[in-house]
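Enquirer: Encoded as structure tokens, here's the structure I'll be asking about.
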């Protein structure tokens, strides 16, 4: 069974502006203490679409059992970071830029699971479809 | 009053984004009567030497990914090189030596190599019959020098598989990629598949656009 990963952003809406402070709380549950070898929390952007993908990590922290009280990584952790001026979130036709807080859990035997909590940085208007591709027009 | 610039959440990810269609993201779909175990058997009979042949966008690289996982599960040690049309050959490939009896050299895009280098690799992989046991038909593990390649045409290795995508396979690929409430209809797949003359990769690229158009514009625009 996969562990449960919860991520909570301390913000009324998942919309931020450059320079805003992102406050995040995360917790891993439903997993035996001995199974956890490390937890990584990050704030990152990534692209997706038709071409090659890219990503950038804005914030990163890694926790191992010996750094946690009681060697227990299942307690709630908190971090905060000031968000950068760019890249801003964007929903385009062939590419989109997505920001997220990601928690990656490392388990014994090399297993990994992760969960993303997406949020928006900035207020760039989403692209609208202007010219239909030939395939759509010829339908 | 200024309208809101952006919604709170992004729309769902396009299921035809490159992350979902790159080789290895999806298992290869075999035509009826063929399967990965059968392909492994064929390769084993050829002392792990063979070529996968097919046209551009027919699924060769995807098949190679599926095959590599099975080779690993079988205790073999594939070393893969992916060659591009830029003509660059990794130095490690030029110097490649089969380090162990279980090693298999896997080359995606074998035709990108020069003819002399192809010949050198094919000859190096060719098993020399043991002088002690000249009548033995099956190679021992110590004699194996596996070489598995993909190319657009036959290049001198035993042909173990030919990728020939059909509309049915394309439809099955698309069905796997779409969640419930998808925006792509079978007729879209058929139209794109025929337009790209059976090139599944190009078909999926175009379906990305079709999906985008249907999630970013009013339906009325799409049906004109």
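Residue numbers (my numbering), protein chains in the order written: chain A, 787 to 925; chain B, 328 to 551.
Quick reminder that beta carbons are idealized off the backbone N, C-alpha and C, glycines included.
Using a C-beta to C-beta distance shorter than 9 Å, which residues of chain A count as neighbours of residue 510(B)?
Expert: By Cβ distance, chain A contributes nothing, its closest Cβ being about 11 Å from residue 510(B), past 9 Å.
Enquirer: Quick check on residue 914(A) - is its C-beta less than 9 Å from some C-beta in chain B?
Expert: Yes - at least one Cβ of chain B is within 9 Å of the one on residue 914(A).
Enquirer: Select from the segment 835-855 of chain A all residues with a C-beta closer than 9 Å to any C-beta belonging to chain B, and list them in chain order.
Expert: The segment 835-855 of chain A vs chain B, Cβ under 9 Å: 835, 836, 837, 838, 839.
Enquirer: Identify the residues that DSSP records as bridge partners of residue 826(A): which are they?
Expert: Beta-bridge pairing links residue 826(A) to 848(A), 890(A).
Enquirer: Using beta-carbon positions only, say whether residue 856(A) and residue 913(A) come within less than 9 Å of one another.
Expert: No, the pair does not count as a contact, with Cβ atoms beyond the cut-off.
Enquirer: When you compare only the Cα positions, how much space is there between residue 416(B) and residue 821(A)?
Expert: Taking the straight line joining both Cα atoms gives about 43 Å.
Enquirer: Below 8 Å on the Cβ atoms is my contact criterion, and I expect residue 355(B) with residue 393(B) to pass it. Report the Cβ-Cβ distance as a whole number of Å.
Expert: Going by Cβ atoms, the distance from residue 355(B) to residue 393(B) rounds to 4 Å, so yes, they are a contact pair.
Enquirer: According to DSSP, is residue 364(B) part of a helix, a strand, or is it coil?
Expert: Three-state DSSP puts residue 364(B) in a helix.
Enquirer: CB-CB under 6 Å to residue 473(B), same chain, minus the five flanking residues each way: which ones, in chain order?
Expert: Taken in chain order, the residues that qualify are 375, 431.
Enquirer: Quick check: the Cα distance between residue 891(A) and residue 905(A), rounded to an integer number of angstroms?
Expert: Rounded to whole angstroms, residue 891(A) to residue 905(A) spans 20 Å at the Cα level.
Enquirer: Any chance the segment 443-450 of chain B sits against the segment 346-360 of chain B, with 3 or more Cβ pairs inside 8 Å?
Expert: The segment 443-450 of chain B, when compared against the segment 346-360 of chain B, does not touch it at the 8 Å Cβ threshold.
Enquirer: Any idea if residue 440(B) is buried or exposed, counting beta-carbon neighbours within 10 angstroms, 16 or more meaning buried?
Expert: Residue 440(B) should be labelled buried.
Enquirer: Classify residue 843(A) as buried or exposed, calling it buried when 16 or more other Cβ atoms lie within 10 Å of its own Cβ.
Expert: Looking at its Cβ environment, which holds fewer than 16 other Cβ atoms inside 10 Å, residue 843(A) is exposed.
Enquirer: Along the beta strand (DSSP E) that carries residue 813(A), what are the first and last residues, could you check?
Expert: Per DSSP, residue 813(A) belongs to the beta strand (DSSP E) from 807-815.
Enquirer: Exposed or buried, which one is residue 414(B) when buried takes at least 16 other CB atoms within 10 Å?
Expert: Exposed, since its Cβ has fewer than 16 Cβ neighbours within 10 Å.
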